[in-house]
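For the sequence shown, the residue numbers in the working numbering are 1118 to 1593. In this text, a Cβ means the ideal position worked out from N, Cα and C, and glycines have one as well.
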Amino acid sequence: MTESIAIMWFRNDLRLADNPALRAACNDGKILPIYILEDDDADDCDKMGAASRVWLHHSLQALNHSLDGKLQYFVGKAEDILMKLCHELTIASVHWNRAYEPWRMTRDQQIKERLKTKNIQAQSYKANLLWEPWEVTKADGTPYRVFTPFYRRGCLNAESPRRPLEAPAHIDFANNAEIGKDLEFLSLLPKQEWHQNLIRNWQCGEEGARKALLSFLDGGISNYSDGRNLPAKPYVSRLSPHLHYGEISVNQCWYAALDRFGMAHDGCDTFLSELGWREFSASLLFYNHHLKTDPLNQKFIHFPWRSSETDLSAWQKGMTGYPIVDAGMRELYQTGYMHNRVRMIVGSFLVKNLRLHWHHGEKWFWDCLFDADHASNSASWQWIAGCGADAAPYFRVFNPITQAERFDGQAEYIKKYVPELKNLPAKYIGAPFDAPRHVLDDANITLGKDYPHPIVDAKQSRLDALDAFATLKEVS
Ligand SMILES: Cc1cc2nc3c(=O)[nH]c(=O)nc-3n(C[C@H](O)[C@H](O)[C@H](O)COP(=O)(O)OP(=O)(O)OC[C@H]3O[C@@H](n4cnc5c(N)ncnc54)[C@H](O)[C@@H]3O)c2cc1C
């Protein structure tokens, strides 16, 4: 008798624990675990960036290890691949966890309908968000546009999130499961060697994610409410890439913090609300499919952006002459991550001081971040630019000098990523161009040679930005 098989289609849920689709597939009997590289299905602007591919490679390797090497890889259009598998094997059901990128939602719906016409059970599950976007709306059914009511009134009054599920006690793999390609076939790693350094400080996969969560709960969370603004300190969780790839679920993070510390704990309350921002971004994308390209505030279509390849390149390379900006951009390029406070500083510098379009920032982050996430990245860039939901007010231009003084007073973060300034006293490090000549000489720094002159004047460019924003008032 031919065995009937349940396909477990892994996507951004690369874990065994708290994986509802995997649990359901295992309950159906023997499973065929598959991963499809979705390049052929993704919208052009949504094809994975270089850093994301590197992370994915290592994460799949870790998942495959947990699955006793039984994960089967495919490249191509997901619908074609699934239909081919259903044709060649006796597939009874296909299970996956829901994703919320617009192209994925449309595509998944088509696949579901097609499988059903073949009498194959197709089932999707909630696993990547605490609340589905349609579960948190205002009383009149419309979506929230402001974070605090979304989270405090909407999320916290909605049904409590599901408690995390255990990993299946036993997985029965289908016998004829050697049908896909191996991981190398996906060509996720670039030819250049840079990716080895990039990944060095991370442990991709479920075990690495679990350790990151535990280390945060044992340490960082106690200082999180204020300390999360200090980029040199280990007070943030660095869970974002693990969460993006679903190596750990947001439910696991939510309950691990809540059960141990409770809502009354400052750090815990703040951490849970940051997870709330992730939910808010997903909701914004769900209700605004063009979040990556179109400003939520339509007036911004008329914003007088500048255009300068030279300035953009200086920003990308971390050569703007503003040390906190340069440290952030170099952290991003060297580690695939950037601290949230610094993301806001470099973002504000790009869109306000340089007045370059936020699309440039969104794209660069998309290519360089390990945690590059359609919803969070687009929503955050719109927030920075002032055109998003609940956005930073247009007149709030982060001053890169005072931000460095406030949040990196001892210049530990700057010195780590901008080592050419390591001999400069911390007092001058936010603005080396203001240091007296003899101080620069003592630190062996010649501006324009060892470290760039500022590419823009922070004060004047702020005023120019305010003038540019003022022009929007006239747009009806
Ligand atoms: C310009 C810009 C672009 C960004 N792009 C991304 C992105 O592509 N992917 C991404 O995951 N985050 C993005 N963020 C949000 C935030 O910077 C990161 O989630 C956070 O820095 C990740 O570090 P962490 O895990 O140590 O965060 P923690 O402070 O430990 O927070 C815990 C978790 O909460 C979530 N979170 C925290 N802050 C935010 C936020 N503002 N918006 C959404 N979720 C949040 C993340 O999942 C994070 O892992 C962006 C922020 C800015 C300003």
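Nonlocal neighbours in the same chain, by C-beta distance under 6 Å from residue i, ignoring five residues either side
| i | result |
| --- | --- |
| K1469 | V1514, A1582 |
| F1403 | Y1217, P1250 |
| F1267 | Y1261, F1397 |
| T1254 | P1260 |
Collapsed DSSP secondary structure at residue i in the structure displayed
| i | result |
| --- | --- |
| W1475 | helix |
| P1150 | strand |
| M1436 | coil |
| Q1577 | helix |
| A1284 | coil |
| A1239 | strand |
| K1590 | helix |
| R1513 | coil |
| L1139 | helix |
| R1269 | helix |
| K1566 | coil |
| K1298 | strand |
| F1466 | helix |
| R1423 | strand |
| F1264 | helix |
| F1417 | helix |
Limits of the alpha helix (DSSP H) - the one that residue i falls within
| i | result |
| --- | --- |
| Y1404 | 1383–1404 |
| M1455 | Element bounds for M1455: n/a, residue is neither H nor E. |
| R1523 | 1517–1524 |
| R1554 | 1554–1559 |
| S1493 | 1491–1502 |
| W1311 | 1311–1316 |
| K1544 | 1543–1546 |
Contacting residues, own chain, Cβ-Cβ under 7 Å from residue i (five flanking each side not counted)
| i | result |
| --- | --- |
| D1490 | H1361 |
| A1528 | A1543, I1546 |
CA nearest to the CA of residue i, picked from the options
| i | options | result |
| --- | --- | --- |
| A1159 | L1131, V1192, R1132 | V1192 |
| F1550 | P1571, E1537, L1538 | P1571 |
| P1412 | N1340, E1448, W1498 | W1498 |
| W1172 | R1423, C1485, S1121, R1447 | C1485 |
| A1142 | V1211, C1370, A1431 | V1211 |
| Q1178 | E1323, G1166, Y1242, N1340 | E1323 |
| L1589 | T1437, L1184, F1420 | F1420 |
| I1418 | R1447, D1584, W1475, E1448 | W1475 |
| I1148 | N1292, R1579, C1272 | N1292 |
| I1562 | H1477, Y1545, D1574, N1274 | Y1545 |
| Y1352 | Y1242, N1457, Q1309, K1539 | N1457 |
| L1131 | R1270, G1503, P1358, S1424 | P1358 |
| D1642 | E1120, A1521, A1168 | Limits of the chain in this structure are 1118 at one end and 1593 at the other, which puts residue 1642 out of reach. |
| R1221 | A1492, A1560, N1414, A1502 | A1492 |
Distance cut-off 7 Å: residue i Cβ against heavy atoms of ligand 1
| i | result |
| --- | --- |
| W1248 | no |
| E1391 | yes |
| I1462 | no |
| S1398 | yes |
| W1311 | no |
| I1365 | no |
| I1501 | yes |
| A1575 | no |
| L1402 | no |
| S1339 | no |
| V1353 | yes |
| R1327 | no |
| L1394 | Checking the sequence shown, residue 1394 turns out to be Trp, not Leu. Indeed, a heavy atom of ligand 1 lies less than 7 Å from the Cβ. |
| W1498 | yes |
First and last residue of the uninterrupted beta strand (DSSP E) at residue i
| i | result |
| --- | --- |
| M1222 | It is not in any beta strand (DSSP E) - M1222 instead sits in the alpha helix (DSSP H) that spans 1219–1234. |
| I1208 | 1208–1214 |
| W1126 | 1122–1127 |
| Y1190 | 1189–1192 |
Minimum Cβ-Cβ distance from residue i to chain C less than 8 Å
| i | result |
| --- | --- |
| M1436 | Going by chain labels, chain C is absent from the structure shown, which holds only one protein chain. |
Proximal residues to residue i (C-beta, below 8 Å), its chain only, five neighbours per side dropped
| i | result |
| --- | --- |
| V1535 | G1435, P1440, D1443, A1444, R1447, Y1568 |
| P1281 | A1134, D1135, S1366, N1368, Q1369, Y1372 |
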